[in-house]
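Heads up, the thing below is written out as structure tokens.
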Amino acid sequence: LTQTAVNFLFKFLVIGSAGTGKSCLLHQFIENKFKQDSNHTIGVEFGSRVVNVGGKTVKLQIWDTAGQERFRSVTRSYYRGAAGALLVYDITSRETYNSLTNWLTDARTLASPNIIIILCGNKKDLDADREVTFLEASRFAQENELMFLETSALTGENVEEAFLKCARTILNKIESGELDPERMGSGIQYGDTSLRQLRQPRSAAAQTRPQCNC
Ligand SMILES: Nc1nc2c(ncn2[C@@H]2O[C@H](COP(=O)(O)OP(=O)(O)O)[C@@H](O)[C@H]2O)c(=O)[nH]1
Ligand SMILES: [Mg+2]
1 LTQTAVNFLF KFLVIGSAGT GKSCLLHQFI ENKFKQDSNH TIGVEFGSRV
51 VNVGGKTVKL QIWDTAGQER FRSVTRSYYR GAAGALLVYD ITSRETYNSL
101 TNWLTDARTL ASPNIIIILC GNKKDLDADR EVTFLEASRF AQENELMFLE
151 TSALTGENVE EAFLKCARTI LNKIESGELD PERMGSGIQY GDTSLRQLRQ
201 PRSAAAQTRP QCNC
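So in the numbering used here, spot 28 of the sequence shown is number 28, and the numbers just go up one at a time.
Given below as structure tokens:
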């Protein structure tokens, strides 16, 4: 498989309070299994996976806070140029739900007001310990223009769906002209020569023609 097979590259973030299962969600999406040993080492964690969305091949480049959120030190550079985000809370912890507004403000101010966000109520498998109802979270999502799913990084339920739903929405907005991949910091690159573009100045990257009919 050559680089030309990839149509787009999207930068994604996984944000939310510590302990909500962000690293496990990323791991489940990339490796298709539950991450047993949770370690809280600091650093940038990163994963990528190529997916097919509506006939287009998209490489998702996903950034994990890798424990920085424990110290409220998630940096601007982490957010910069993200096209999409999974905003995660834990359905068994009202505290993590209550902090969603802060995370949302950070994402929209530090990433982009246009960032596409899907709210994920994780640990769906722990329904007996639930502190946040599906209904109230879906209302919150609606009020804040977020997509919404309950997920389980443990069983894998809705994990792939969350990433794909977010990617599909971004792609639809590119194709409708609502999102401009060539805007600085859009978090979107054309895949054709994506590896080269990463290292090229913007002027050179902008000369490459899009592969979609937008
Ligand atoms: N039952 C259950 N536990 C989970 C799930 N996702 C994560 N966990 C557990 O929650 C804890 C925190 O997970 P982690 O991914 O490190 O959270 P992070 O701090 O947001 O990255 C760990 O003990 C995980 O095993 C899930 O979907 N269900
Ligand atoms: Mg983590």
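Every residue, glycine too, gets a C-beta built ideally from N, C-alpha and C.
Exclusion of the five residues before and after GLY185 leaves ARG80, GLY81, SER112 as the residues of its chain whose Cβ lies within less than 7 Å of its Cβ. Taking 9 Å as the cut-off, the Cβ atoms of LEU146 and ILE117 count as close.
With a minimum length of 4 residues, the unbroken runs of alpha helix (DSSP H) contained wholly in the region 4-74 fall at 22-31. Between the region 102-110 and the region 124-132 there are fewer than three C-beta pairs closer than 8 Å, too few to call the two in contact. In the displayed model, ALA111 falls within a helix according to three-state DSSP. For GLU143, the enclosing alpha helix (DSSP H) covers residues 134-143.
Per the DSSP secondary-structure output, ASP129 pairs with nothing in a beta bridge. Taken through DSSP and simplified to helix, strand or coil, ILE170 comes out as helix. The three-state reading of DSSP puts GLU150 in strand, counting E and B together. Relative to the non-hydrogen atoms of ligand 2, the Cβ of LYS22 comes within a distance shorter than 8 Å of at least one. In this structure, VAL132 sits away from SER17, with a CB-CB distance that is not shorter than 9 Å. GLY67 has its CB nearer than 8 Å to a heavy atom of ligand 2. Contact check for LEU26 and ILE62: beta-carbon distance about 6 Å, within the 8 Å limit, so the pair qualifies.
Residue pairing from DSSP leaves ALA83 without any beta-bridge partner.
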